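Residue 34 in the UniProt record's numbering sits at position 34 of the sequence shown, with consecutive numbering throughout. Where a beta carbon is used, it is the ideal one built from N, C-alpha and C, also for glycine. If you're wondering where the values come from, they're calculated on a predicted model, not measured in any experiment.
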Amino acid sequence: MSDHDDRFGLRTYLTPEEAKEFHKLFMSSFVGFTAVAVVAHVLVWMWKPWL
């Protein structure tokens, strides 16, 4: 087994291209989840303000 390959760090098993793809998917999911949460909070606030 070679000492050098394209994988990042310890135990990640991802190439740089795979890491970028995973990061893009993770960030898209995070932004989508956050947007849904903000919309839900605004709708609940309009229905029944909590402050």
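Rounded separation between residue i and residue j - CA only
i, j, result
"LEU10", "GLY32", "30 Å"
"VAL42", "LEU51", "13 Å"
"HIS23", "SER29", "10 Å"
"MET46", "ALA40", "10 Å"
"ALA37", "GLU21", "24 Å"
"LEU14", "ALA35", "29 Å"
First and last residue of the uninterrupted alpha helix (DSSP H) at residue i
i, result
"THR34", "16-47"
Cβ neighbours of residue i in the same chain (closer than 8 Å, five flanking residues each side left out)
i, result
"PHE26", "none"
"THR12", "ALA19"
Cutoff 6 Å; reference residue i; Cβ partners in own chain excluding five residues on either side
i, result
"VAL44", "none"
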